[in-house]
Amino acid sequence: MALALFQVAPECGKSFAAGLEQYHNKDFRQALIAFRAAVQCDPTLVQAHLAIADIYAERGNGGEALAALLQALQIDPKNVLALRAASNLYLDSGLHIKALPLLEVLVTATPNSPDAHADLAAVYAAGGNREGAEKEFRRALELQPDYFPALAGLGNLLARAGEDATALPLLRKATQLQPKAYQGHFLLGSALNRLGQFPEAQTELELASRLGGESEPQVFYQLARAWGGLGKATERRAALARFSELTKKEKDSAELQRKAAALIDEARGFLEAGELAKAAERLELAREASPGDATLLFRLAGLNFDMQHYDVAREYASAAISISPSTWLYHYLLGLIEKSSNRLGDAKASLEIAAKLQPTEGPVFNALGEVLIAQGELQAAVAAFDKAVRLSPTETLFRQNLDAARHP
């Protein structure tokens, strides 16, 4: 990443360089803030968007990572790093349709990349395009004959088309290459089931269940088929019971997300009616289903701030920031919470971060000016109010604050 510094416009280099240093020191929160500041300085700075995406991906925040990658692709549609990372995030979320155009561009940009061809093949297969999938899997294997995803993918494609005998050598080779990957054993066991080779199928599927497939319903469905073919009624019932349990768990999880969405809609209705306490109650219930949703935490912080429950609001705002530390609104709200709690030092720190992340928002500088006045920093307050007025010239309050600071 350090080489990217030399491609940055000089006036934006300071923030980008600070981000690189903090990234190197693994201070990811401050690195995010610095990279966001660099993007504010130069929105076309692809390297900064990629750095932001990288940090969010490391923190497990796929949504924010994807947003940064899509920003990079708007600037440079053929950026290989962004294409590969964004398509992987889409694939991990099961969004094959969204991954498809990115992978088609990636294959054109990197024609000798086996992983790009294999990923495109998997998307084609998921969409029912067998001809395209087989072509891309075979191209990946031409480039790298021992490439596990292509071997497993082509083997699965052929097996699903009824060509189990042709698929078996590919799947056997895949399991030999990666003997600890449950997917290969699962696919091989499923193909063996279809061929009636139940003893070997049972062995492969039990391996799959131990090597990472213990939470996959289809592993136990196929295992039940193998036990049934072997005439083992007790083992078959146990496998089917596990299949039913896991299937129910998946359905319960999906239902929980639907309930969360319904609760958010209810909260919106109560908010529009001015019933803040009821809105907060519904959002709190929704949060239980999505504890890592930064937007939901921010909404809860805002509601509790409006109800003057400052300690609770601070907790929610801080939690939102821990998930998405480069979102200026979260720091701005925390600054307002700290200001209302008379924690002026903390308020100043939060508002300064918000101003650094979003230097075009008049209300941020006005709030910062009010905190600086309260701390007795008159000259700095005048500068903050002056910036607020220049950003929002029609806001009467901002001008009144500026006049009062200039003529105390």
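Quick note: the sequence shown uses the numbering used here, first residue 208, plus one each step.
All C-beta atoms, glycine included, are put in the ideal place defined by N, C-alpha and C.
Item to check | the stretch 558-569 / the stretch 235-248 touching (three or more Cβ pairs under 8 Å) | outcome: yes
Item to check | Status (buried if at least 16 other CB within 10 Å, exposed otherwise) for LEU212 | outcome: At LEU212, the pLDDT of 37 sits below 50, so the modelled position is not reliable and the matter cannot be decided from this model.
Checklist entry - Any idea what DSSP makes of LEU437, helix, strand or coil? => result coil
Next on the checklist: Using the three-state DSSP reduction, which class does GLN409 fall into: helix, strand or coil?
Outcome noted: helix
Next on the checklist: In whole angstroms, give me the CA-to-CA distance for GLU462 and ALA292.
Outcome noted: 30 Å
Checklist entry - Buried or exposed: LEU540, going by 16 or more other Cβ atoms within 10 Å of its Cβ? => result buried
Item to check | Length of the line joining the Cα atoms of PHE155 and SER416 | outcome: Since the displayed the chain opens at 208 and closes at 615, residue 155 lies outside it and no answer follows.
Item to check | Three-way DSSP call (helix, strand, coil) for ALA554 in this model | outcome: helix
Item to check | Secondary structure of ASN400, DSSP reduced to three states | outcome: helix
Checklist entry - Just reading off the alpha helix (DSSP H) that ASP299 is part of, what are its end residues? => result 287-299
Checklist entry - Assuming LEU358 contacts ALA381 under a Cβ cut-off of 8 Å, what Cβ separation, rounded to an integer in Å, is found between them? => result 4 Å
Checklist entry - Exposed or buried, what is THR534 when buried is set at 16 or more other beta-carbons lying within 10 Å of its beta-carbon? => result buried
Checklist entry - Within the chosen definition, does the stretch 221-238 reach the stretch 493-503 through at least 3 CB pairs nearer than 8 Å? => result no
Next on the checklist: I believe PHE355 touches ALA408 by the beta-carbon criterion, under 8 Å. Please report the beta-carbon distance rounded to the nearest angstrom.
Outcome noted: Not quite, the Cβ-Cβ distance comes to about 20 Å (not below 8 Å), so this is no contact.
Checklist entry - How big is the Cα-Cα spacing for PHE344 and ILE259? => result 32 Å
Item to check | Whole runs of the alpha helix (DSSP H) within the stretch 223-283, excluding any shorter than 4 residues | outcome: 235-248, 253-265, 269-282
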